[in-house]
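**Q**
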Amino acid sequence: MSSDHHDPLLAHHFDDMEQQFDTNKFGMWVFLLTEILFFSGLFVAYAVYRSNHSDVFEYASQYLNTNLGALNTIVLLLSSFTAAWAVRAAQLGQNGLVTKLLGVTVLCAFGFMAIKAEEYSHKYHEGLLWGGAEHSIFKVDTNTVDPAVAEHSEYWSEVKELPPEFRRQIGIFFGIYFCLTGLHGIHVIIGIIVILWLMRRNVRGDFSPQKYDAIDLGALYWHLVDLIWIYLFPLLYLIS
Amino acid sequence: MTTTDPSVNYLNHEKGLRSWLMTLDHKRLGLMYMWSTFVAMLLGGSFALALRLELFAPGQQIMSKDFYNHMFTLHGAVMIFLVIIPSIPAALGNFVLPIMLGAKDVAFPKLNRFSYHLYLTGAVFLIAAILTGGLDTGWTFYTPYSTSTDTSVIIAVMGAFILGFSSIFTGLNFIATIHKMRPPGMTWFRMPLLLWALYATSVIQILATPVLGIALLMLIVERVLGVGILDPALGGDPVLFQHLFWFYSHPAVYVMILPAMGVLSEMFAVYSRKQIFGYRYIAYSSISIAIVSFIVWGHHLYVSGQSTMVSVIFSAITFTVAIPSAIKVFNWIATMYKGSINLTTGMISALAVIWLFGIGGLTGLWMANLSTDMHLHDTYFVVSHFHFVMVGSALFSYLGAVHHWWPKMFGVMYDEGKGRLWTIMTFIGFNITFLPQFLLGTRGMPRRYFDYAPQFEFLNKVSTIGSMIVGLSIVMVFWNLLRSLKNGKKAPANPWGGVTLEWQCASPPSPHNFEDAPTVGDPYDMSQNRFVSDEEGYVPVTPSENDPYVYQVKVEEA
Ligand SMILES: [Cu+2]
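Those protein sequence lines, which keep their order, are chains A and B.
Using the working numbering, the letters of the first sequence map in sequence onto residues 1 to 240.
Using the working numbering, the letters of the second sequence map in sequence onto residues 1001 to 1558.
1) Kindly examine ligand 1 and report whether one of its heavy atoms sits closer than 7 Å to the Cβ of H1300/B.
2) Strictly below 8 Å CB to CB, what residues from chain B border D22/A?
3) Under 8 Å, do T1201/B and P1238/B count as touching if we go by C-beta distance?
4) For H125/A, count neighbouring C-beta atoms within 10 Å of its own C-beta (all shown protein chains included) and say buried if the count is 16 or more, exposed if not.
5) Pull out every residue of the segment 1103-1119 of chain B whose Cβ sits closer than 9 Å to any Cβ of chain E, in chain order.
6) So T1559/B and L1029/B are supposed to be a Cβ contact under 8 Å. How far apart are they, rounded?
7) Just how far apart, CA to CA, sit E18/A and L1362/B?
8) Under a three-way DSSP split, which group does T1379/B fall into?
9) Starting from M1218/B, find everything on chain A with Cβ-Cβ shorter than 8 Å and list it in chain order.
10) Please determine whether the Cβ atom of V1224/B lies at a distance below 7 Å from any heavy atom of ligand 1.
11) Using a Cβ-Cβ distance under 8 Å, would L227/A count as near chain B?
12) Using a Cβ-Cβ cut-off of 8 Å (strictly less than) and excluding sequence neighbours within five positions of R1280/B, which residues of its own chain qualify?
13) When the distance is taken between beta carbons, is V1263/B closer than 8 Å to A1401/B?
14) Looking only at C-alpha atoms, which of G1346/B, V1477/B, P1407/B sits nearest to S1507/B?
15) Report the residues of the segment 214-240 of chain A with a CB closer than 8 Å to any CB of chain B, ordered along the chain.
16) What number of angstroms, rounded off, separates the C-alpha of V1153/B from the C-alpha of E1222/B?
17) Tell me the DSSP secondary structure of M1445/B in three-state form.
18) Please tell me whether I74/A has its Cβ less than 8 Å away from any Cβ of chain B.
19) Cβ of H1250/B versus every heavy atom of ligand 1: is any distance shorter than 7 Å?
20) I'd like the span of the alpha helix (DSSP H) that includes G1262/B, first residue to last.
21) Are there any heavy atoms of ligand 1 lying less than 7 Å away from the beta-carbon of V1296/B, as far as the coordinates show?
22) Could you tell me which chain B residues have their CB closer than 8 Å to the CB of I172/A, listed as they occur along the chain?
23) Between the Cα of F26/A and those of D213/A, L238/A, I239/A, spot the shortest distance and give me the residue it belongs to.
24) For the beta strand (DSSP E) that Y1142/B lies in, which residues bound it at each end?
25) Of the choices P1509/B, M1071/B, M1034/B, whose alpha-carbon is the least far from that of F1047/B?
26) For Y1010/B, name the three-state secondary structure that DSSP assigns.
27) Using a C-beta to C-beta distance shorter than 7 Å, which residues of chain A count as neighbours of I1206/B?
28) Please list, in chain order, all residues of the same chain as Y1452/B whose beta carbon is under 6 Å from its beta carbon, the five residues on each side excluded.
29) Tell me which residue opens and which closes the beta strand (DSSP E) that Y1538/B is part of.
30) Can you confirm whether L1172/B, when its beta carbon is compared against all beta carbons of chain A, has any partner nearer than 8 Å?
31) Ligand 1 heavy atoms versus the CB of V1292/B: any closer than 7 Å?
32) Can you confirm whether I1291/B, when its beta carbon is compared against all beta carbons of chain A, has any partner nearer than 8 Å?
33) Exposed or buried, H1512/B, counting other C-beta atoms within 10 Å across all chains shown (16 or more means buried)?
34) Taking 8 Å as the CB-CB limit, is I1084/B close to chain A?
35) Locate the beta strand (DSSP E) running through V1532/B, then write down its first and last residues.
This is the structure we're talking about:
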């Protein structure tokens, strides 16, 4: 096998840069497909319970903070925009700009997580948790609710009057809410790690207009994380 | 990087354990998968023999009820997740796919290595589960039992989760390789049928396995946090888990059987020295099986309380799977017709599969049928049916494939006489083991019990004796293969007369597969090579100079 090309940017099993880039990108798209299917199980759970208990879901969704959810949507959209811009900048060889844009993306990601943490801690404090959680106010048997939580939760007086089955299904709503947003949050954290890694490589000078595959793929992944949130926001926060 | 020294090959160009574990070479990864599946098969096989010994007579024989529950669970989990799922797709697929395609490697060699490392990690988790309290849920992990038993469900489920990702990344790699790494001349319809089968398999792996991943994750969350989605006590629905589980696990059956069918298509053509019959039909049937496999999972839930209407629809779609499956079988038979059949060990395995898959496939229709399934559900009939498919068809094809490509992998010939003998013995033992189980099932013996009513004793004894024959014969099959590594005859580049590209490179191949770029032609045009007794193998018939695809020299009958 005569390998005349000794281009260090080209892996030995590819014929040319174009094939290498195409293959990498194709692989990423397939991976994103698997990610969507990974989430699909929870979306199915959502669909099943919502179609069986649409009244519960409409009622329970009012416990979510729509303003914070909307703010997070804007934050993620902005980060997706800067990620896409970073790809363009890498294509044009503006490496300094790439670092800045990825920096903004990562800051947005941290901002998203901070807002999410604020939401979670509020839910925890108020006992707005799935039925199996110790702190939950959505227990079927109201006597098993932790009195300390019941005392300071502003929702307790309302919740304790609900029929048991209704209360139980609100617990399921919160189970689905925490699973979906939690799994999404894990993906955001992975995204943060990926973008920080890309920034480091960019500062080190790994990327050029000839080869910036990693930035392109990282941005694609980040768009998916954004896209999933775009679905989660209306499905969970905007039901009623 | 031009290596002209023929004694340098992928097996010996680097040495040491590290050079294997950290390799990026798809061939070495394929071999490591293969050895791993063999070890796991030994483990899962001994579990099976222990189960059969327990069932030799009614009442307690050699183990307690609890231990029996652990045994059948681990037998299933090990055999499915560690043996059959990675057998042909990962072990053989890694070895042959890039070479058959004419590529230097898979699209993402590092991801490929990562897949193997994930496989090892998942295996460690499964073994850790065995050592830390075992597992008694059945390999299906059904809720709500799996969320309440105090055995090591979480560790085992994490193992299955990790193994799932290993499988996803292999599938992703193969799809990207087939789409983007085909050399000039290798069009979709010049691809060997094994590649079509591996492609269809990979599609299932990437689309179905993530759903298993999330189902298992939900199970873990349910156990750890009591999130309620799968827990009826909290208003959840345990049947949701069954749906998600079978959305993966039904297609997973085709992850096992499709590549086996691909292997058979290769072997029937090569060992009949004949153009494969109905190339396009076989290729399309692989794809259609993959598609239909996604919409039949409900046939596992006939008795779970799903609506009758839904059951009827699932039943009807399930029946349609018989069509592409039968297309393949008929085409194989037509390929053999008037062929010059070479009864090697590989071919004997292939012929055995026609019988075994015939029985396994047709008994599947009994259970696709709603009314008969009510009677047969969760009996030994089911056990026998899926063993005919998973072991009888998938594992027999794997064994045949290992014999078929053994000379290519290691450059040595195994002992054909002993190979034939022990393969036939495995086949006989298999039938003695599982045919009685159909009878036991129709007479109402339920699966997954450590005891049974006295009237089932005779058939159970026969079955146990059969399983001992299988156990012994399989060990002898492996022994025969292993012995050849030490004193097997040197293999020619093309011992069987295959036309697919892997037979154009040396046995064993050089580190980068091909010394000269291979000529891509019709993968089943057997007139492209002829037998030469001095070589004890087949050599290419010289092509004309201006058109590499037209061969003017006629085959000399060897
Ligand atoms: Cu099925």
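Heads up, the beta-carbon is just placed ideally off N, CA and C, and yes, glycines get one too.
**A** Looking at the atomic coordinates:
1) yes
2) K1180
3) no
4) exposed
5) Looking at the structure shown, chain E is missing, and the protein chains on hand are A and B.
6) Residue 1559/B lies beyond the residue range present for chain B, which begins at 1001 and ends at 1558; the question has no answer from this structure.
7) Whole-angstrom Cα-Cα distance: 48 Å.
8) strand
9) Residues of chain A passing the Cβ test: G41, L42, A45, C179.
10) no
11) no
12) F1189
13) For A1401/B and V1263/B, yes; Cβs fall inside 8 Å.
14) P1407/B
15) Residues passing the 8 Å Cβ filter: none.
16) 12 Å
17) coil
18) no
19) yes
20) 1238-1272
21) yes
22) Chain-ordered, the chain B residues with CB closer than 8 Å to the CB of I172/A read G1228, I1229, L1234, G1235, G1236.
23) D213/A
24) That residue, Y1142/B, is in no beta strand (DSSP E); it is neither H nor E in DSSP.
25) Ranked by how close their Cα comes to the Cα of F1047/B, the residues P1509/B, M1071/B, M1034/B have M1071/B in first place.
26) In this structure, Y1010/B counts as coil in the three-state DSSP scheme.
27) V30, L33, T34
28) P1058, M1445
29) 1537-1540
30) yes
31) no
32) no
33) buried
34) The beta-carbon of I1084/B is placed no less than 8 Å from the nearest beta-carbon of chain A.
35) 1529-1532
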